[in-house]
Structure formats: C-alpha cells, structure tokens
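Counting the sequence shown from 1 gives a position; this note's numbering is that position plus 208. For reference, the structure discussed in these notes is given below.
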Amino acid sequence: MTDQVMSADSKLRTAFAAAKPNKQLAAAEAFISTIRDMTETGAKPNPATLKSGEKLLTNLEQQAEVYLFQAAILAGQEAGSEGDLARRVETIGREADRVETTTRQLRSMLQSYA
C-alpha cells in the first residue's frame, strides 16, 4: 500500500512540475513586449499575430489552472506544519499573481486591437 501511495505522490509531483507554466508565461511576456515595441514605432500587429496572442492567452490560462490546482493539493499533502503550509500557500499566491498580471495585460492588449 505504501508503494502505491508513494507512486501516486511521485506521479502527482511529476505532473505538477510539467504543469508549471514557465514557458507560457515567458512566451506571453515576450509577446507583450514585442507588441509594445511595435506600437511605439507606430506599427500594428497583423491578424495572424493577434491570433497567436489569443492562443498564448488560452494556453497560459489553461496551464495555470492545472498548475495552481496541483500546487494546492501538493501544498496540503507535503506541508509539515501550519507555518510550512502558510509559506507554501504564500508562494502559490505569488505565482498566481504573476499569472493573473500577465493574463490581464495580454487580454487587455488583445482587446485593444479587436
């Protein structure tokens, strides 16, 4: 039974690590920066560029939802004390804030060209 629990925990930890939206965040932040640079020079993004931005937004939102759900589960399972749980939840909150800020900026930017 213990091996099954450890195996399930290991699978969850692996899925959790794979779900962390670092690549999606980096891509969204780079996209925002690129569009801002274009705007400063007076250029407008073409429809294909905007479509790729919409896809980035969707992927980021989906990946972040999976990641934050798994992070909450792991925080509860792995916390050794109330203080440890509080620190883990605080970390999850900071990551959620970064995702929220990035998605808000990206959504706003895309809506301004709609």
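We put the CB at the ideal spot given by N, CA and C, even for glycine. Note that the structure is predicted; figures quoted are calculated from it, not measured.
Does residue i come out as helix, strand or coil in the three-state DSSP assignment?
| i | result |
| --- | --- |
| SER260 | helix |
| TYR275 | helix |
| THR249 | coil |
| ALA322 | coil |
| SER289 | coil |
| PRO229 | coil |
| ASP211 | Its pLDDT being 48, under 50, ASP211 is placed unreliably by the model, and the measurement read from it follows with that caveat. If DSSP states are grouped into helix, strand and coil, ASP211 belongs with the helices. |
| ASN267 | helix |
For residue i and residue j, which I take to be in contact (beta-carbon distance under 8 Å), what is that distance rounded to the nearest angstrom?
| i | j | result |
| --- | --- | --- |
| LEU314 | ALA236 | 5 Å |
| THR311 | LEU265 | 6 Å |
Taking just the CA atoms, how far does residue j sit from residue i?
| i | j | result |
| --- | --- | --- |
| GLU303 | SER241 | 20 Å |
| GLU248 | ALA227 | 34 Å |
| TYR321 | LEU258 | 8 Å |
| SER316 | ARG244 | 12 Å |
| ASP305 | LEU233 | 12 Å |
| THR299 | GLY291 | 12 Å |
| ALA294 | GLU273 | 20 Å |
| VAL307 | ALA280 | 15 Å |
| ARG221 | MET246 | 40 Å |
| ASN254 | GLY261 | 11 Å |
Mind checking whether residue i and residue j have CB atoms under 8 Å apart?
| i | j | result |
| --- | --- | --- |
| GLN278 | PRO229 | no |
Could you tell me whether any Cβ in chain B is nearer than 8 Å to the Cβ of residue i?
| i | result |
| --- | --- |
| GLU286 | Absent here is chain B; the protein component of the structure consists of one chain. |
Leaving out the 5 sequence neighbours to the left and right, which residues in its chain are closer than 8 Å to residue i when beta-carbon positions are compared?
| i | result |
| --- | --- |
| LYS252 | MET246, TYR321 |
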